[in-house]
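Asker: The numbers in this note's numbering rise by one with no breaks, and the one at position 649 of the sequence shown is 723. Here a beta-carbon is modelled for each residue, glycine too, at the ideal position from N, C-alpha and C. Following this message is one structure expressed as structure tokens.
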Amino acid sequence: MPINMLHTLRQIVQGVNQSEALDDALQFLVTQTKQALETQCCSVYLANVEAGHFTLMATDGLAQSSVGNAVIGFHEGLIGLVGEREEPINLANAHQHPRFKFIPQVEEEQLNAFLGTPIIHQGRVLGVLTIQQADARQFSEQEESLLVTLSAQLAGVLAAAKARGQLTAASSHQRSMVVLQGVAGSPGIAVAQAWVERVAVELEDVVEGQHQDLDAELERWQNAVLQTREYIERLSLRLGESLDRDVLAIFDVYQNILNDNSISGAVEQHIRANASAETALVRVAKDYIGQFAAMKDAYLRERATDIRDLAQRLLYFLQQRAHELTEHEQPLVLVAEEVTASMLASIPRDKLLGIVSVRGSSNSHAAILARALGIPAVLGIADLPLKKCAGRDVILDGYSGRLYLSPSAAVKEEYARLLRQESELQIEFEKNRELPAATADGRRLSVMINAGLAADTEHYGGGADGVGLFRTEIPFMIQDKFPSEEFQFQTYCNILNRFPGQPVTMRTLDVGGDKALPYFPIREENPFLGWRGLRMTLDHPEIFLVQMRAMLKAHHKCRNLRIMFPMVTNIAELEQAKKLLRKAHAELQDELGEHFALPPLGIMIEVPAMLYQLRAVADQVDFVSVGSNDLTQYLLAVDRNNARVANLYDELNPAVLNALNSIAQQCRQYQLNFSICGELASDPLGAILLVAMGYKVLSMNAANIGRVKWALAKVSMSQCQHMLQKALNLSSADTIRRQLYVDMDSFGLGALIRPGQ
Ligand code: PEP
Ligand code: MG
């Protein structure tokens, strides 16, 4: 495709993305596309699933009076045919096609040639984009590929514009509700107002306001200037090595604008006249932008973009401070582009009712944290209009992955009923929490917790037989530099002391993938297949040795530690890591002038290659723990963090079940202790299957201990095995799940199955 065409396409997609209202977005789309493709007509139809038809939403070439009125059934006419076939249809003479449907009001009698392409988002036909012309000739291959490219790029953008448009409508007619579908990240229901975390704001989003305290407002403004200055300096230093001098000069321009008293002075003047800092900034910035944009000189005109960019950065810091100062008084649902551990930590637990994000998926670490804290979450809502959500009433359904914005009274009532039901069940589960974990026929099991945040262990509520997985990278993630040996020693002692006499399995640093340390960025094309876990720490013995010394010291004091290595791919890595462990141990013994035994050592089974090396592993370690989250991701080649392929990530996939079963069988054969610490163990259904396979130690997020114990206490070992045998004979995750639900229902576990799951 010619470069200038690519540029035009990008401009169209950007224009659609920037339009606030759906109608404007669509009108922009058809006008620009018609012009770019030099044709006589371009139209877009959107699907109305409830009504079962497409509606003409915008056109440049057909009768304007038919916009919003002309409809065509999903199985009617050429538009319906494009939707059914989910592929382009290119005809020299549309009127001669047997599926052509004459709709008088659109007035297309003169238009013979027709090219229609479906707009498909996440596997669903969202609409159809068409171009038409009088000449009875087929559109060229080049034109066809352009329209296909445009439709593919537009799909996500249009879905987002549609949600934004619906929301704008929802605020004017209070009754209309918007339902968005994401990935179920953590079970539960939350009903509250949305709190949107740090959205990159645009000047146009600022609502005019006044301040209450002049000095405080001036200080807020000056702080934002300071932070922006520092930010630009950092950015310019960081990019200094990779950018040309003339590109870097842009940062000097920014610094000059910031240093120039005329802008800052003008903003302060507005603040003195009672405007809020944001309002003052927007007024001054718009004034400058207007002046620059009107200049004849191309270079000076470009400065308008610089001022806008800079003003938005200032706005970001102004609002960020406002966020930091916010004391959350009302319960809220946190909404963000991507949820981080520090965001979760910044909101008091009793105020945080739910989590919603644009990115992420059910096994991303944000989801795992949410489950560990027992907070319902819906992630991966790609078309979530972040800026439009703030302050809205929302209902989040963490079972079905649905988010209701401005829910209707009927939906609110239904969810209030479900919430009541849920809290009754929760009381039931809590009764089981402190009881020993066992099946109905008395087979004893061990239930451990997965932890990482101090809060996990402080508030977990009891009932565990120890810690099956302590993710040491989480304390690392909320620091601003690698924590010292002393700090780590204290952290580890705290955890070990909280579980006296019970085993605590700590995993060495597992960064990389979706777990980044702010002070040690790793940028890779394929982070989950890259420098992750043990691979990284073996390359940095200085970091690894400090961590192992801290762990061993803590063990020397408390005596209940077990050490585990993550992401092991081969025996050589394991031997190398053991060598470093022995080195740290020897050093420490020398320092302490005392001999003490090494703690039990294990590895995680999460790289599929380990399934074929268990015999050799058995000679090297005391135990293994299955990380089913990563094992599923690597076995199925599905990024656990990517919402687009979330439907493929399924621990009930027969391949995963067979792999888990094979690990259990092999470990028994090689007399190797085994347990599981992936999320599957936190799900009662998963726990039942694992117990049937022979897993006696299940490590799970603390919030689910009561639920899992309650379920296990209701089924006998032979019922578990009966369910497993049936599951292993089925060939797809869906049929397995359906069968398991039927069995669970018959064993009195029906309350755990939620509609929509
Ligand atoms: C796993 O992969 O299953 C696991 C427990 O580790 P993490 O989720 O931290 O990668
Ligand atoms: Mg893992």
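Looking only at its own chain, which residues have a Cβ that is under 7 Å from the Cβ of lysine 175, when we skip the five neighbours before and after it?
Answerer: Ile146, Glu150, Gly151
Asker: Run the CB neighbour count on alanine 711, radius 10 Å, all protein chains shown included, and call it buried at 16 or more, exposed below.
Answerer: Label assigned to alanine 711: exposed.
Asker: Going by DSSP, what residue range makes up the alpha helix (DSSP H) through arginine 545?
Answerer: Run containing arginine 545: none in the alpha helix (DSSP H); it sits in the beta strand (DSSP E), 541-545.
Asker: In three-state DSSP terms, what is lysine 589?
Answerer: strand
Asker: Identify the continuous alpha helix (DSSP H) that holds arginine 476 and give its terminal residues.
Answerer: Here arginine 476 belongs to no alpha helix (DSSP H); instead the beta strand (DSSP E) covers 476-479.
Asker: In three-state terms, what does DSSP make of arginine 581?
Answerer: Reduced to three states, the DSSP call for arginine 581 is strand.
Asker: Determine the DSSP secondary structure at leucine 612, reduced to helix, strand or coil.
Answerer: helix
Asker: With ligand 2 as the reference, list in chain order each residue whose Cβ lies under 5 Å from any of its heavy atoms.
Answerer: Glu680, Gly701, Asp704
Asker: Checking the sheet assignment: what are the DSSP bridge partners for phenylalanine 697?
Answerer: The partner list for phenylalanine 697 (beta bridge, DSSP) reads Gly676, Asn747.
Asker: Cutting at 7 Å between CB atoms, please list the residues of its own chain near lysine 44, excluding the five before and the five after it.
Answerer: An answer regarding residue 44 cannot be provided, because it is not within the stretch 75 to 831 covered by the chain.
Asker: What residues are listed by DSSP as bridge partners for isoleucine 429?
Answerer: Leu408, Ala451
Asker: Evaluate lysine 370 with the Cβ neighbour count: other Cβ atoms within 10 Å of its Cβ, from every protein chain shown; 16 or more gives buried, anything less gives exposed.
Answerer: exposed
Asker: Are any of the Cβ atoms in chain D nearer than 8 Å to that of valine 145?
Answerer: The question asks about chain D, but that chain is absent: this structure has only one protein chain.
Asker: Between which residues of its own chain and lysine 589 is the CB-CB distance below 8 Å, once the five residues before and five after are set aside?
Answerer: His439, Glu547, Met551
Asker: Starting from tyrosine 119 and walking both ways along the beta strand (DSSP E), at which residues does that stretch end?
Answerer: 115-122
Asker: In this structure, how does DSSP classify glycine 780 when only helix, strand and coil are distinguished?
Answerer: Assignment of glycine 780 by DSSP, reduced to helix, strand and coil, places it in the helix class.
Asker: Determine the burial state of asparagine 571: buried for a count of at least 16 other Cβ atoms within 10 Å of its Cβ, exposed for fewer.
Answerer: exposed
Asker: Buried or exposed: which applies to aspartate 134, given that a residue is buried once 16 or more other Cβ atoms fall within 10 Å of its Cβ?
Answerer: buried
Asker: Is proline 422 helix, strand or coil when you go by DSSP?
Answerer: Under the three-state reduction of DSSP, proline 422 is assigned to coil, being neither helix nor strand.
Asker: Below 8 Å between beta carbons: does that hold for alanine 683 and leucine 709?
Answerer: No, Cβ-Cβ distance for alanine 683 and leucine 709 is not below 8 Å.
Asker: Looking at leucine 626: is its Cβ nearer than 8 Å to the Cβ of alanine 658?
Answerer: yes
Asker: Leucine 458 by DSSP, collapsed to three states: which one?
Answerer: coil
Asker: Thinking asparagine 634 and aspartate 696 are a contact (beta carbons under 8 Å), I'd like their distance in whole angstroms, please.
Answerer: With a Cβ gap of about 14 Å, asparagine 634 and aspartate 696 do not count as contacting.
Asker: Apart from the five residues just before and just after glutamine 813, which ones in its own chain have a Cβ nearer than 7 Å to its Cβ?
Answerer: Lys800, Ala801, Leu804
Asker: Going residue by residue through the region 483-508, where are the continuous alpha helix (DSSP H) segments of at least 4 residues, counting only ones entirely within it?
Answerer: 483-507
Asker: Mapping DSSP to helix, strand and coil, what is arginine 636?
Answerer: Residue state, collapsed to three classes: strand.
Asker: Going along the chain, which unbroken runs of the alpha helix (DSSP H) with 4 or more residues stay wholly within the region 331-366?
Answerer: 335-346
Asker: Which of the three DSSP states is assigned to aspartate 471 in this structure?
Answerer: Three-state result, aspartate 471: strand.
Asker: Could you tell me which of Ile596, Leu470, Leu688 sits nearest to isoleucine 737, measuring between CA atoms?
Answerer: When each option's Cα is compared against that of isoleucine 737, the closest is Leu688.
Asker: Report buried or exposed for isoleucine 469, applying the criterion of at least 16 other Cβ atoms within 10 angstroms of its Cβ.
Answerer: buried
Asker: Between Leu675, Ile750, Gln553, which has its C-alpha nearest methionine 767's C-alpha?
Answerer: Ile750
Asker: Where does glycine 824 fall in DSSP's three states?
Answerer: helix
Asker: From glutamate 649 to cysteine 741, what distance separates their C-alpha atoms?
Answerer: The C-alpha of glutamate 649 lies about 20 Å from the C-alpha of cysteine 741.
Asker: Go through its chain and collect everything with a Cβ distance to phenylalanine 618's Cβ below 8 Å, but skip five positions before and after it.
Answerer: Thr582, Leu583, Thr611, Leu612, Ala651, Leu654
Asker: Flag leucine 543 as yes when its Cβ comes closer than 7 Å to any non-hydrogen atom of ligand 3, and as no otherwise.
Answerer: Judged by which ligands are present, ligand 3 is missing from the structure shown, whose ligands are ligand 1 and ligand 2.
Asker: Across which residues does DSSP place phenylalanine 594 in a beta bridge pair?
Answerer: Leu591
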